[in-house]
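Protein chains in written order, with this note's numbering: chain A, 1 to 377; chain B, 378 to 754; chain C, 755 to 1131; chain D, 1132 to 1508.
Protein chains: 4
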Amino acid sequence: MGDAVGVWFVGARGSVASTAVVGALAIRAGLAEPSGCVAELPEFAGAGLAPLGELVFGGHDVVDVPLVKRAELLAAAGVIPPHLPSALATELAAADADLRQGIRAGEPDQRAQLRRLTADLEEFRARHGLDTVVVVDTSSTEPPSAFDADLAALEAALDAGEAPLPPSSCYAYAAFRAGCPLVAFTPSPGPRLPALTELAAERGVPWAGSDGKTGETLLKTALGPMFAQRALRVLSWSGINLLGGGDGATLGDAANVGSKIESKARGLERILGHPVAGPLHIDNVPDLGEWKTAWDHVHFAGFLGTRMTLQFTWAGCDSALAAPLVLDLARLLGRASQVGLSGPVGELGFFFKDPAGSDEHRLSAQFDALVAWAGWL
Amino acid sequence: MGDAVGVWFVGARGSVASTAVVGALAIRAGLAEPSGCVAELPEFAGAGLAPLGELVFGGHDVVDVPLVKRAELLAAAGVIPPHLPSALATELAAADADLRQGIRAGEPDQRAQLRRLTADLEEFRARHGLDTVVVVDTSSTEPPSAFDADLAALEAALDAGEAPLPPSSCYAYAAFRAGCPLVAFTPSPGPRLPALTELAAERGVPWAGSDGKTGETLLKTALGPMFAQRALRVLSWSGINLLGGGDGATLGDAANVGSKIESKARGLERILGHPVAGPLHIDNVPDLGEWKTAWDHVHFAGFLGTRMTLQFTWAGCDSALAAPLVLDLARLLGRASQVGLSGPVGELGFFFKDPAGSDEHRLSAQFDALVAWAGWL
Amino acid sequence: MGDAVGVWFVGARGSVASTAVVGALAIRAGLAEPSGCVAELPEFAGAGLAPLGELVFGGHDVVDVPLVKRAELLAAAGVIPPHLPSALATELAAADADLRQGIRAGEPDQRAQLRRLTADLEEFRARHGLDTVVVVDTSSTEPPSAFDADLAALEAALDAGEAPLPPSSCYAYAAFRAGCPLVAFTPSPGPRLPALTELAAERGVPWAGSDGKTGETLLKTALGPMFAQRALRVLSWSGINLLGGGDGATLGDAANVGSKIESKARGLERILGHPVAGPLHIDNVPDLGEWKTAWDHVHFAGFLGTRMTLQFTWAGCDSALAAPLVLDLARLLGRASQVGLSGPVGELGFFFKDPAGSDEHRLSAQFDALVAWAGWL
Amino acid sequence: MGDAVGVWFVGARGSVASTAVVGALAIRAGLAEPSGCVAELPEFAGAGLAPLGELVFGGHDVVDVPLVKRAELLAAAGVIPPHLPSALATELAAADADLRQGIRAGEPDQRAQLRRLTADLEEFRARHGLDTVVVVDTSSTEPPSAFDADLAALEAALDAGEAPLPPSSCYAYAAFRAGCPLVAFTPSPGPRLPALTELAAERGVPWAGSDGKTGETLLKTALGPMFAQRALRVLSWSGINLLGGGDGATLGDAANVGSKIESKARGLERILGHPVAGPLHIDNVPDLGEWKTAWDHVHFAGFLGTRMTLQFTWAGCDSALAAPLVLDLARLLGRASQVGLSGPVGELGFFFKDPAGSDEHRLSAQFDALVAWAGWL
């Protein structure tokens, strides 16, 4: 059995993190089954993971609506069962006490900011007597960053009073400085800037990312191998994603969606062995609320070139799909940290659209690799 | 490089076998690419398979429409490119010369019938100087058979002038007696009756079956593992299959469809680890001709029980999906025979809805097992 | 403005009637908008209909779970907003007081039974000082009835102590005897047996039916005219309906589904002018609860016979679709009664799969006829 | 019976016009049924339309590939039956003789160009002794035009050696100058610029447009009224159109797609009575060839606000859908001209995404108006 693990959410009052916290508390209280939790599968029973019921939650956010209020909104939207917010009101209020102010726009001194974020993590770890605190970034998607200098140059820029890092990379910097493993659950730059990757290596901290695989891409990486294994030639793979909620609004902005679409498209070419034509849209449809619908159209050639099609429609609740995965990742990466791993953990690629440390995108191969790795832990 | 292999189709003038013959001849003549041919993937390059261009075709059928005429009908139906029938007229006429009369309804003496079928195979093998002739059953689906006696009882019944075997098992009997490996590409009883399984073992002949996996079940075995790996609980998996052509008419008959639906349903329960509710229909829609459309609706529960759905529509050409697989199977099973294997070859389960000799239904795991086996060959 | 109208539900504690009652009370209390209510469209403003907020509810049912409890179950199933049951608890309890015991299985004397049902209606009308009480049958679907005698023969059979009527026709008999107009919202025999039709005529009572059009058939009658108007030849129209809830269980029973499938298929042939091939399935999928999903596949030939397809998936909440229509029908048929109409009201065919008194199935034509009729009222 | 009518296609060698010509010739020769031809429905039997078999074809195009070659390409793409090109080779070669060079890029003198186009029309009419020549624009979509001057200003600009008109409006100018009615089957500016509309009125010529309704919009105008009539509130209507062929390439260009998306969106708001959210994409997917697939997702609120969805997938052959309509339009507008109508004919709105002279977008209402108008003709 692993040691107790702290989970520190960036975007702690957002839908994904709130759902994860409510869910973990509900499962601990015996009010729900751990459905959707990969790490609860029998394959992971011997991996020494921190029990789901013993996770301790904290986090950063830029808004301050109480978690119980967030839970009520999630219940009204059909993301969580309606009886949970009142049943868990006490526990949610307690979790509120461990949430801290995130990055304020216009905070002028990035060096000071980073010190504050790092201190928040260290205090949380000390306050709860935790060995391991895993930082999980579930905040809104940011546009790509052009900052590609090395760590020394980053430090020099910070010393010079500059603010070269986007917010996601600030949180990654603070995590690594505090010796905390990091899960990059969004496509934001986060730990993937060269200076941050270097910092993780220098500090011997493991991290995993990026961009949680919960919908269309999940299906692509489950279905793509079928076409490859059957020697069916995919001529085009077109897709549209309709999203409501905050995610829809963020991704409706062309600048942000760039990084997302890029990470969505990458895997299919690897799986099929050739580039694949076809549009890929992400659209904000506010009335869908917390729900998302993806439609994909695959046009392929079989024997003697005969043309055929596969279509699918995936209608899911974004936060309900993502929340169990961030709990899984916190427990798995926490364990990786405890056994001394550092750098990007490619074996966690199963969870991501754009797996750091791995070129494998086929879902079943990723699962096999994850199970083998968990056996080794 | 393997030795030349003969391919003997039961139902040789049917859509699947005709498409396979036209396709193999077209590929040999440089008129088509081998798309859809699994055995042409790089993974199988070193397996010593007979080259696609060197297969020799013969077969049984109960009708006698010339192959070139069948090819013209397939072209009109959009199954094969319109220019192939005339381009391959000579080769198709030559193949006609190797086709023999199948089982005539009302032929009274089953023992004599079996002798005739066996002799047809032996003569074909001798005529072309082949080491290996693989019999591939692509004829219409038959209802289940209740004949469960052992081989000795079967021989005694045949000696007594009885006719205990359904046609598919007659062809299997003849194949095994002639020392020919057998591919059961339909859900008919064929080699799966106890007496036939015993005969294959006694004669040291390998066989593979049953019921080619080309549509809805292919998708189920590609997608089912995704739900299991992500700990998403499938509540129901409902499906409808619309088929035209001869297959539609045969499967529209409730007696025949029984064995098909059974073999379609079996795998999902194995993959998910629990029985799954939901109707499964196979309907004859004559105007669809050679095409088939399957729609599946998967209702599943994620985190905290939240309900979500996946739907897919698969619109394919049945014969174009099946034809390359029977060529693959003939080459792979021919090689298995050459290296001395006997009995059901579970590693060929990748191709079947109801794999004999294997309990594995997950498509990627089946592919990995097939590749490993081919490497060992 | 029309006079106050009573609405007497057969199956008053079922999902459709409960949703209708909750909804009408919520709209009256200003807790909801009248979305889905056709009679609230501007086209019906001058038709003299009883205001939605002034309907008085009563009914028969064979179970006695309180309406507030039914409302809570509907809220948990996502059919109605979660806050309504407690907000309307008082009103729902009041409505409970107007519900009476329905037809008990094994009640031996059908004559006595009919007297009791009739008396229930008359007492309700008197108790609330209503001019008009519309009976709306929303109970479970029954199998077809073979009773085709005339009214005199029916009365003789009842006098002889026989029990020739199915329950739905008992309720229709009681309605007509009490001078109450009747809405047959199910495909059960109800008022469509010859003796009942005769009774309605004799008593000068209007009625409407049958089988509310809320899903697949609604779409068929909206889309079918498009194919006809564009001279596109429909080759086959295949469909599958997945239903949970009580409706799914009832219709999963082959005997009951007969009448439903018949009434679903009838309209399309009328619209297209020729019979249409294609399977039509209704399946019970219990985990869908109050929700239903229909998938239809239309295969059609265009210019020069080119084959094309239309598919649709309708995912709806059965009771939420049906409930506003029964309120509409009660108000419209109540008004028809007030202006002295009798017999089947074909102009209400807009609401039904199998319109009594009309051969028109095209949705837009039905709407135009309804609006014209309402203008005349 | 109406007089013989000439049909002059702009874009005469494009897929739509070629399919229309092949089809009309095939129907005349008894090689095909007139499926998809609205004007062949019994409702139009007494309207005095020119018989389908007596249409005479000519046209402009900028390329010069022979029609029989175009027909072979259409057959290879599955748009027309494979036997037609050779069966109709003589007739197609004859039609080639009536095709003329379209607008050459860089032709400097627009006044001269317009004279040449007009003369082509007048010579065609004279050569075949036709009373009526209907010009049908089926050429590629152009971007919107900013030219909004009146006719006098246009003439002055032309006299001044300027070239203010986009190609589609040049063809419209030539048609009106020659006294020919015009069908604007594309969303290009064509006759809709103020100066052109004025010219048609001055010359007393009828015209119809614009943008043929053959796919997603056809479905929208068939389904939209259903939501309105049932008082179901559409929250969002999202759609994606995948197109191959030349149309896909043209519309993949953002400048051209603007006018198309605008005309697609306009109708729904009219039908529903309020603006509707939701993305609308048109994408070029070259491997689809002549085929197009549209997927729409409708999210709507029913009783008490309960959320439900309708999805549809329309998989059609663009030219096969459009070709019969251009024949219908030529015959109907030809008749309108013969009876002396002028200006935009709103009653032909049934055929268009963006009907000129009408605000009605509901398909059934448009059909009723068309039938009434044809009865009056």
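For every residue, glycine included, the Cβ atom is placed at its ideal position computed from N, Cα and C.
Remember, it's a predicted structure, so these values are computed and weren't measured experimentally.
Distance from the CA of Ile-834 (chain C) to the CA of Gly-244 (chain A), rounded to the nearest whole angstrom, comes to 22 Å.
Taking the beta carbon of Ala-1031 (chain C) as reference, the chain B residues within 8 Å of it are Val-662, Pro-663 and Asp-664, listed in sequence order. Of all residues in the region 1345-1365 of chain D, none comes within less than 7 Å of chain B when Cβ atoms are compared.
Considering only beta carbons, the part of the region 453-469 of chain B lying closer than 8 Å to chain D consists of Ala-453, Gly-455 and Pro-459, in chain order. Among the residues facing chain C, Thr-1150 (chain D) is included, as its CB has a counterpart in that chain under 8 Å away.
Contact of Gln-1232 (chain D) with chain A is not assigned, every C-beta pair being separated by 8 Å or more. DSSP, read as helix, strand or coil, puts Ile-1025 (chain C) in helix. Between the C-alpha atoms of Gly-23 (chain A) and Lys-823 (chain C) there is a straight-line separation of about 27 Å. In the DSSP assignment, Leu-304 (chain A) falls outside any beta strand (DSSP E) and carries neither an H nor an E.
Across the structure, Ala-45 (chain A) and Ala-766 (chain C) are spaced so that their CA atoms are roughly 51 Å apart. A residue is called buried when at least 16 other Cβ atoms come within 10 angstroms of its Cβ; Gly-340 (chain A) does not meet this threshold and is exposed.
Bridge partners of Gly-357 (chain A) according to DSSP: none are assigned. In this structure Val-792 (chain C) is buried. Its beta-carbon is surrounded by 16 or more other beta-carbon atoms within 10 angstroms. When only Cα atoms are considered, Lys-220 (chain A) and Gly-349 (chain A) end up about 14 Å apart. Residues of chain B whose Cβ lies closer than 8 Å to the Cβ of Ile-994 (chain C) are, in chain order, Ser-615, Ile-617, Pro-656, His-658 and Trp-672.
The C-beta separation of Arg-569 (chain B) from Gly-586 (chain B) comes to about 7 Å, placing the pair in contact by the 8 Å criterion. The beta carbon of Ala-29 (chain A) is closer than 8 Å to those of Ala-87, Leu-88 and Glu-91 in its chain, skipping five residues each way along the sequence. By the Cβ rule, the region 1240-1260 of chain D counts as touching the region 1186-1194 of chain D, because three or more pairs are nearer than 8 Å. In its chain, beyond the 5 residues on either side, Gly-1137, Trp-1139, Leu-1252, Phe-1255, Arg-1256 and Cys-1311 have a beta carbon closer than 7 Å to the beta carbon of Val-1264 (chain D). Ranked by Cα distance from Gln-490 (chain B), the options B:Val-748, B:Pro-544, B:Ala-523 and B:Leu-681 are led by B:Pro-544.
Among the residues of chain D, those whose CB is under 7 Å from the CB of Glu-794 (chain C) are Ala-1362, following chain order. Restricted to the region 278-346 of chain A, the alpha helix (DSSP H) segments that are unbroken, complete and at least 4 residues in length are 318-338, listed in chain order.
In the three-state DSSP reduction, Ile-1015 (chain C) falls in the helix class (H, G or I). Rounded to whole angstroms, the Cβ separation of Ile-404 (chain B) and Leu-444 (chain B) is 16 Å, and the two are not in contact under 8 Å. In the three-state DSSP reduction, Asp-1290 (chain D) falls in the helix class (H, G or I).
At the C-beta level, Leu-1075 (chain C) and Gly-969 (chain C) come within 8 Å of one another.
In the displayed model, Phe-1316 (chain D) falls within coil according to three-state DSSP, outside both helix and strand. For Val-1407 (chain D), the three-state secondary structure derived from DSSP is coil. The alpha-carbon separation between Pro-1213 (chain D) and Phe-939 (chain C) amounts to approximately 51 Å. Burial is judged here by how many other beta carbons sit within 10 angstroms of a residue's own beta carbon; Arg-881 (chain C) has fewer than 16 and is exposed.
For Val-38 (chain A), no alpha helix (DSSP H) encloses it, and the DSSP letter there is neither H nor E. Only buried fits Pro-411 (chain B), as 16 or more other CB atoms lie within 10 angstroms of its CB. Under the Cβ distance rule, Thr-683 (chain B) does not count among the residues neighbouring chain C, no pair being separated by less than 8 Å.
The C-beta of Gln-101 (chain A) has fewer than 16 other C-beta atoms within 10 Å across all chains shown, which makes the residue exposed. Annotation for Ile-617 (chain B): the continuous beta strand (DSSP E) segment containing it runs 610-620.
The C-alpha of Pro-1337 (chain D) lies about 29 Å from the C-alpha of Gly-1355 (chain D).
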